[in-house]
Amino acid sequence: MRKIFGVVGALALVIALSGCATDSPSPSSSTSNSSSANQTPDASLIPPAPGKDVKAVDASLYDTGYSEYLFRAGTGPAWCTINADQKWVLCEQNEASAQYKPVTVPSSCDGSYGYQIKLWESTPTDGTDTAGFVCASGLYNDGSVAPALNSGEKVTVGQITCYVADTVVRCDNQNGQYIALGAQVWAAKN
Numbered sequence: 192m193r194k195i196f197g198v199v200g201a202l203a204l205v206i207a208l209s210g211c212a213t214d215s216p217s218p219s220s221s222t223s224n225s226s227s228a229n230q231t232p233d234a235s236l237i238p239p240a241p242g243k244d245v246k247a248v249d250a251s252l253y254d255t256g257y258s259e260y261l262f263r264a265g266t267g268p269a270w271c272t273i274n275a276d277q278k279w280v281l282c283e284q285n286e287a288s289a290q291y292k293p294v295t296v297p298s299s300c301d302g303s304y305g306y307q308i309k310l311w312e313s314t315p316t317d318g319t320d321t322a323g324f325v326c327a328s329g330l331y332n333d334g335s336v337a338p339a340l341n342s343g344e345k346v347t348v349g350q351i352t353c354y355v356a357d358t359v360v361r362c363d364n365q366n367g368q369y370i371a372l373g374a375q376v377w378a379a380k381n
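Following the working numbering, the numbering of the sequence shown begins with 192 at its first residue and continues without gaps.
Here's what the structure looks like:
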């Protein structure tokens with residue numbers, strides 16, 4: 192009798208789960224959805240390049256002692272780590288903090304995507320983009336211990352300058368490429 196109930200229960204579970212499945216989108220609908228999902232949110236939310244009125248702050252205030260400089264974007268949800276040895280900056284935030292449309296995850300990524308964005312000082316020799324999202328298996332650094340870089344302030348390490356406008360961080364390299372991250376906005380310019 193137990194076997195019959197087990198078989199009937201398993202059958203009911205399979206039927207119930209098959210009702211939750213959805214049809215795969217047609218190629219034309221998936222193309223249009225993924226391209227719009229990867230568009231930078233409203234460009235008016237991206238801070239412009241830092242002007243002369245942005246106050247330079249001593250980078251040693253953010254030195255972790257491992258050739259890395261960690262700071263939080265004012266009172267916002269994002270924080271960044273500048274790696275002086277490897278010559279990049281990685282800005283990140285918790286998934287729950289992101290208020291922008293989810294970013295389409297590449298098929299090659301089995302982790303979290305759309306919450307960590309990286310900028311190199313110059314174009315990597317392996318042909319990857321200079322600026323863009325990275326596939327992550329967890330947070331790179333602990334933002335809860337990061338000292339704040341306040342709105343209207345900037346920090347420069349090597350050829351990377353990051354500054355905060357309100358609660359959004361923007362980091363630029365000397366080639367005009369940049370990244371930006373905040374609760375409502377992200378940007379990556381290659």
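Note that beta-carbon positions come from the ideal geometry of N, C-alpha and C, so glycine has one too.
Quick caveat: nothing in here was measured; it's all calculated off a predicted structure.
Query                                                                                            : Result
Chain D contact for residue 353 (CB, 9 angstroms cutoff)                                         : Among the chains in the structure shown there is no chain D, since it carries only a single protein chain.
Distance between beta carbons of residue 346 and residue 260, contact taken as under 8 angstroms : 7 angstroms
When 279, 275, 269, 380 are compared against residue 288, the one with the closest alpha-carbon  : 269
Contact under 9 angstroms by Cβ, residue 281 with residue 331                                    : yes
Local conformation of residue 334 per DSSP, three classes                                        : helix
CB-CB length for residue 348 against residue 232, believed under 8 angstroms                     : No, residue 348 and residue 232 are not in contact; Cβ-Cβ is about 27 angstroms, not under 8 angstroms.
Beta-carbon proximity check, residue 285 vs residue 304, cutoff 9 angstroms                      : no
Residue 322 versus residue 312 - alpha carbon distance                                           : 9 angstroms
Residue 253 vs residue 340 beta-carbon contact at 9 angstroms                                    : yes
With 16 other Cβ atoms within 10 Å as the buried cut-off, status of residue 239                  : exposed
With 16 other Cβ atoms within 10 Å as the buried cut-off, status of residue 309                  : buried
Selected residue, minimal CA-CA separation from residue 283, among 263, 319, 314                 : 263
Cβ distance (whole Å) where residue 357 is taken to contact residue 335 below 8 angstroms        : No, residue 357 and residue 335 are not in contact; Cβ-Cβ is about 20 angstroms, not under 8 angstroms.
Closest by C-alpha distance to residue 273, when choosing among 297, 244, 364                    : 364
Which residues DSSP lists as bridging residue 340, in chain order                                : 264
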